[in-house]
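Letter by letter, the sequence shown follows residues -37 to -1, 1 to 453 of mature numbering (1 follows the signal peptide of the UniProt record, and there is no 0).
Read through the structure below, which is laid out as structure tokens, and then see the notes.
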Amino acid sequence: MQPKQSQISTLSSRSPAAMRKLALALFISTLSAQGVADTFETDSTQQRQWLAGEHHAHTHWSVKWDKSTSPWSPIKGGDSEHSYLDNAQAAQKYGLSWLVNTDHGGPEHSKLLDNKAYPELLAARESVPAVHQFFGIELDVPAGEHATVMMPINSDEREVLVNFQRDYSIREYRNKTRNRNNVEHMQKGIAYLASQAEKPIIIKNHPSRQATGLNEWARVTPEKLMTWHQTDPEVFIGMVGTPGHQAARGARGSYFKYGTFRGADQMTAVVGGVWDHILGNGMRFWITSSADSHTHTSVGGRDFWPGEYNKTYVYARNEPADIMDGLRHGRSFIVFGDLISGLNAELTDGNTNQQSNNSASLGETLVVSSDKDKLSLKLELKLSEGKNANGDMPVLNRIDVITGAVDPAIANEPNANSTTQVIQRIDQSQWQVKDNTIALTIDIPREHQNGYLRLRGTSTDILEPTRQQGNQSPWQDLWFYSNPIFWHQQ
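Here it is as structure tokens:
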């Protein structure tokens, strides 16, 4: 259901805490009306598989501008020399099934998108048909830096995206503001995408890149993220948890003001931090990973090719619509350096009745009764089957199980969720590997009436990701993060 203009105005006028309480109430009432554990079709799940992809890669249509001319003229290759075909071939080489090229703008960049980039995309689709190549941009967000816009593959993709960049990018005109550099204008853009027959997706890129300290935000704040998400949760689905530029020397992720936490954005990395605050408010707000590739590290750049180091895995049928559905509904996890290649997680209420089908996987919600004081988590982690792009055989050292409450009181905790904690740390001594797979069953104490569970793993012996400074070796510091499973009391 798309938001009306009156709804946008109402959202904008509410306090952040009020908006979060409203979202939680709406979520709970929706669950009660549905009476089911998940919100998407599951009759075709046997055909689904883990498909790796990339949603943030630049091409030579991320141009610089010759300001000596009037109007300014584009300099092709100014911010990346990669072609659409280069990125598609790299994606195929590094095991990706889907790819979104995302060039950013400048004065009337929408015309380049229409006349230059889109025809090149069509040619790359013909040349590399094994990779689903989505039409996209990196939006210069009103009041919010950058975000991926990912279009469904259909007959409207060209017109809708060109119009969207023209009407909502803050850099489309020489006068950057032009009454559009504000939260409300971004809400209008989200509403425009929500009005399409097939909704596009927006993912906030590198959310804390301009932060100057822990919880010291610049243009991107948790309140803005939640406001845009609430405008239409099926369009503005989440944020990048592990950003690109992982080969950047001296500042992994190119977070120069306040570094990443072992390669992860602080909003995701800090247990009980911003992401847990958003989840604790009941929002289905997902994380992804991206390469943000401009120039490869081998020729002096700070980037890896699509799929070379960062991967976002989506559980989906090998078709564009279901890949977008998987992203939209959180059937996904993110990983560095091919540490794992599959993550099947099933949360149940421990019912041994063979007739019971009460279970939930990543992105889903388990409905439980009040008499259940513990839950059961079945895990299957598929390990890497060979060496990664650095020539290493990655080794998973530990799995962390993290839980937190979904509760209206969390709206009053600024950027935090005090209920979130690591409840178990599982190391190599506690599992066996069979057929390249780790299988575990874990008891989960049910400390909260409504809550969520998410997973994290690493190749290191570091207990918690810490902020890094100086030169770092990303290949020796591998992590994965899953999207959550929720539970809700009947």
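Glycine included, C-beta positions come from ideal geometry on N, C-alpha and C.
Could you pull the start and end residues of the beta strand (DSSP E) that A15 belongs to? Where A15 is concerned, the enclosing beta strand (DSSP E) starts and stops at 12 to 20.
Have a look at A323 and I448 and give me their C-alpha separation to the nearest angstrom. CA-CA distance, A323 to I448, rounds to 7 Å.
Roughly how many whole angstroms lie between the Cα atoms of Q173 and T184? Distance between the alpha carbons of Q173 and T184: 10 Å.
Would you check if the segment 228 to 243 and the segment 44 to 55 touch, i.e. whether three or more CB-CB distances between them fall below 8 Å? No: fewer than three Cβ pairs fall under 8 Å.
Per DSSP, what are the beta-bridge partners of L310 in this structure? Looking at the DSSP output, L310 sits in a beta bridge with A323, L340.
Which residue's Cα is closest to the Cα of S118: Y136, L85, Y131, Q412? For S118, the nearest C-alpha among the options comes from L85.
Count the CB pairs spanning the segment 435 to 451 and the segment 286 to 296 that are closer than 8 Å, and state whether there are at least three. The way I'd put it, the segment 435 to 451 does touch the segment 286 to 296; three or more beta-carbon pairs between them come closer than 8 Å.
According to DSSP, what are the bridge partners of N399? For N399, DSSP records no beta bridge to any residue.
Provide the residue(s) that pair with K167 in DSSP beta bridges, ordered along the chain. K167 has A110, M202 as its beta-bridge partners, per DSSP.
Give me the Cα-Cα distance between K397 and R265, rounded to the nearest whole angstrom. Near 37 Å, if we compare the C-alpha coordinates of R265 and K397.
In the segment 173 to 235, which residue ranges form an unbroken alpha helix (DSSP H) of at least 4 residues, counting only runs that do not cross its ends? Unbroken alpha helix (DSSP H) runs of no fewer than 4 residues, entirely contained in the segment 173 to 235, are found at 185 to 194, 229 to 232, following chain order.
Quick check on the burial criterion: 16 or more other C-beta atoms within 10 angstroms. Buried or exposed for N434? Under this definition N434 is an exposed residue.
Starting from the Cα of I166, find the closest Cα among R430, V203, S60, D363 and give me that residue. For I166, the closest C-alpha among the options R430, V203, S60, D363 is that of V203.
Contact defined as beta carbons within less than 8 Å: I believe H305 pairs with L340. What is the distance between those atoms, to the nearest angstrom? Looking at the sequence provided, one finds Gly at residue 305 rather than His. Wrong, their Cβ atoms sit about 16 Å apart, outside the cutoff.
Does the distance from the C-beta atom of N64 to that of N78 stay below 7 Å? For N64 and N78, no; Cβs fall outside 7 Å.
Quick one: what's got a C-beta closer than 7 Å to V(-2)'s C-beta in the same chain, skipping five residues either side? Per-residue confidence for V(-2) stands at a pLDDT of 33, beneath the threshold of 50, marking its modelled position as unreliable; the derived number appears in the next sentence. Answer for V(-2): no residue qualifies.
Can you list, in chain order, the residues of its chain with a C-beta nearer than 8 Å to that of Y221? Leave out the 5 residues immediately preceding and following it. Hits under 8 Å: S171, A174, T175, G176, L177, E179, Q229, R430.
Report the rounded CA-to-CA distance for I386 versus V104, giving the unit in angstroms. If you take the alpha carbons of I386 and V104, they lie about 37 Å apart.
Output the distance between the C-alpha atoms of H259 and F267, rounded to the nearest integer angstrom. Looking at the two C-alpha atoms, the distance is approximately 5 Å.
CB residue 482 to CB S73, shorter than 7 Å? Residue 482 is absent from the structure shown; the chain starts at -37 and stops at 453.
Straight-line Cα distance separating N126 from Q439: Computed Cα separation, rounded: 43 Å.
Would you call D390 buried or exposed, if buried means 16 or more other Cβ atoms sit within 10 Å of its Cβ? Counting Cβ neighbours within 10 Å, D390 comes out exposed, since fewer than 16 surround it.
I need the straight-line Cα distance from G362 to K39, nearest angstrom please. Note that residue 362 corresponds to Ile in the displayed sequence, not to Gly. Near 45 Å, if we compare the C-alpha coordinates of K39 and I362.
Identified DSSP bridge partners for L418: In the DSSP assignment, L418 is bridged to V364.
For N380, the nearest candidate out of N273, V364, L242, R247 (CA to CA): That would be L242, whose Cα lies nearest to the Cα of N380.
Using CA coordinates, which residue listed in W442, E376, V146, R137 is at the minimum distance from S33? Comparing C-alpha distances from S33 to each of W442, E376, V146, R137 shows the shortest one belongs to R137.
Quick test of your reading: R134 and G68, contact by CB under 8 Å. State the CB separation rounded to the nearest angstrom. Contact between R134 and G68 holds: CB atoms are separated by about 5 Å, below the 8 Å threshold.
How would you call G263, buried or exposed, if buried means at least 16 neighbouring beta carbons within 10 angstroms? Per the 10 Å Cβ criterion, exposed.
Simplified DSSP assignment, three categories, for E101: The answer is strand: DSSP assigns E101 an E or B state.
Kindly indicate which residue of I200, R388, L188 has the alpha-carbon position closest to the one of E427. For E427, the closest of I200, R388, L188 by C-alpha to C-alpha distance is R388.
Going along the chain, which residues of its own chain have a beta-carbon closer than 8 Å to the beta-carbon of R143, five neighbours each way excluded? Taking C-beta separations shorter than 8 Å and ignoring five residues to either side along the sequence, the partners of R143 in its chain run P105, Y131, I133, following chain order.
L403 and S422: beta carbons closer than 7 Å? Contact annotation: L403 and S422 have beta-carbon atoms that are not nearer than 7 Å.
Quick one: Cα of V112 to Cα of T366, how far? Their Cα atoms are separated by approximately 30 Å.
Measuring CA to CA, which of I164, Q52, A160 is closest to L102? The shortest C-alpha separation from L102 is found at I164.
F359 bridges to which residues according to DSSP? According to the sequence provided, residue 359 is Leu. The question's Phe does not apply to it. Looking at the DSSP assignment, L359 forms no beta bridge with any residue, so it has no partner.
So, T205 versus S252, is the Cβ gap smaller than 7 Å? T205 places its beta carbon less than 7 Å from that of S252.
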